[in-house]
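In the working numbering, the protein residues as written are 28 to 142.
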């Protein structure tokens, strides 16, 4: 059982660090991507607020907050994948959103089963 808790904690850290790095440290790249995909600035800002909020929720000890956060990021990553398919980006550019979606689904499933 300790292994499951360790995996759960590791997934939380991976998601939190990834979201922070992309949406804070590399924010200039996000601005360029949203322009390239012809998406409005308000959508970029809203997605950023949601992603950072969900990433903070995932770090909580509250199972309900972790479920909301991991489910929210999984949905946003699904929308990102849809956008990548719509604009026909190369497959390697789709991998980050796909991997983060899979990690969040795993985190959601683990957290739900630990309740």
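Virtual Cβ for every residue (Gly too), placed ideally from N, Cα, C.
Taking the beta carbon of residue 59 as the centre, do at least 16 other beta carbons fall within 10 Å, making it buried, or is it exposed? exposed
Evaluate residue 29 with the Cβ neighbour count: other Cβ atoms within 10 Å of its Cβ, from every protein chain shown; 16 or more gives buried, anything less gives exposed. Under this definition residue 29 is an exposed residue.
Residues in its own chain within less than 6 Å of residue 75 by CB, not counting five upstream and five downstream? The beta carbon of residue 75 lies closer than 6 Å to those of 50 in the same chain, with the five residues before and after it left out.
Pair every Cβ in the segment 61-75 with every Cβ in the segment 88-96, then say whether three or more of these pairs are closer than 8 Å. With the cut-off at 8 Å, the segment 61-75 and the segment 88-96 do not touch.
CB residue 100 to CB residue 42, shorter than 8 Å? yes
Buried or exposed by the 16-neighbour rule on C-beta atoms within 10 Å, applied to residue 85: By the beta-carbon neighbour count (other beta carbons within 10 angstroms, threshold 16), residue 85 is buried.
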